[in-house]
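Just so we're aligned, residue 5 is where the sequence shown starts under my numbering, counting upward by one. First the structure, in the form of structure tokens, and then the observations on it.
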Amino acid sequence: PHEADRPLLANLENQAKHYGITDPVRNCVPDRFLGEGDTVSFGQHAFEVFHCPGHAPGHVVFYNRAAKFAHVGDVLFRGSVGRTDLPGGDHAALIASIKDKLLPLGDDIGFICGHGPGGRFGEERRSNPFLI
Numbered sequence: 005p006h007e008a009d010r011p012l013l014a015n016l017e018n019q020a021k022h023y024g025i026t027d028p029v030r031n032c033v034p035d036r037f038l039g040e041g042d043t044v045s046f047g048q049h050a051f052e053v054f055h056c057p058g059h060a061p062g063h064v065v066f067y068n069r070a071a072k073f074a075h076v077g078d079v080l081f082r083g084s085v086g087r088t089d090l091p092g093g094d095h096a097a098l099i100a101s102i103k104d105k106l107l108p109l110g111d112d113i114g115f116i117c118g119h120g121p122g123g124r125f126g127e128e129r130r131s132n133p134f135l136i
């Protein structure tokens with residue numbers, strides 16, 4: 005997670021109760037926070053970190069330049085964008101994250117999201133009603 009999500013991580017128990025989660029939940033602090041430009045690697049795969057607030061203050065996107073692939077989480081969906089009505093959500097920041105950080109990576113970049121089918125940035129640039 006990004007540093008901007010520290011308050012959310014420190015309040016997981018209350019958030020779980022708010023959303024009706026009854027399983028045990030503990031607040032947590034990660035070993036390290038991720039920031040814009042960091043790299044996360046596993047095996048032979050390296051992903052650049054992009055801080056893309058909007059859905060959540062500390063939302064991050066993982067981009068593999070060699071594979072032309074991004075895991076965008078809940079920032080972007082095929083034909084839609086992430087919700088911003090939850091605490092910390094910011095619609096203007098979400099749209100700016102997509103237009104200023106993700107779409108410039110190229111129309112041929114494939115993505116998967118947190119829900120539903122993925123797609124390509126170019127198709128979203130041309131047809132996503134939230135981005136036109």
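For every residue, glycine included, the Cβ atom is placed at its ideal position computed from N, Cα and C.
{"Query": "Look at His55 and Gly86 and say whether their C-beta atoms are less than 9 angstroms apart.", "Result": "no"}
{"Query": "Between the alpha carbons of Phe134 and Gln48, how many angstroms are there, rounded?", "Result": "35 angstroms"}
{"Query": "Do you know how far the Cα of Gly93 is from the Cα of Pro61?", "Result": "7 angstroms"}
{"Query": "What number of angstroms, rounded off, separates the C-alpha of His119 from the C-alpha of Ala97?", "Result": "20 angstroms"}
{"Query": "Rounded to whole angstroms, how far is the Cβ of Leu38 from the Cβ of His59, which I believe are closer than 8 angstroms?", "Result": "That pair is no contact at about 16 angstroms."}
{"Query": "Round the Cβ separation of Ile116 and Val79 to the nearest angstrom and send it over; I've been treating them as touching at under 8 angstroms.", "Result": "Wrong, their Cβ atoms sit about 12 angstroms apart, outside the cutoff."}
{"Query": "Where does the unbroken alpha helix (DSSP H) through Ile99 begin, and where does it stop?", "Result": "His95 to Ser101"}
{"Query": "Count the other CB atoms, across all protein chains shown, that sit within 10 Å of the CB of Pro11; report buried if there are 16 or more and exposed otherwise.", "Result": "exposed"}
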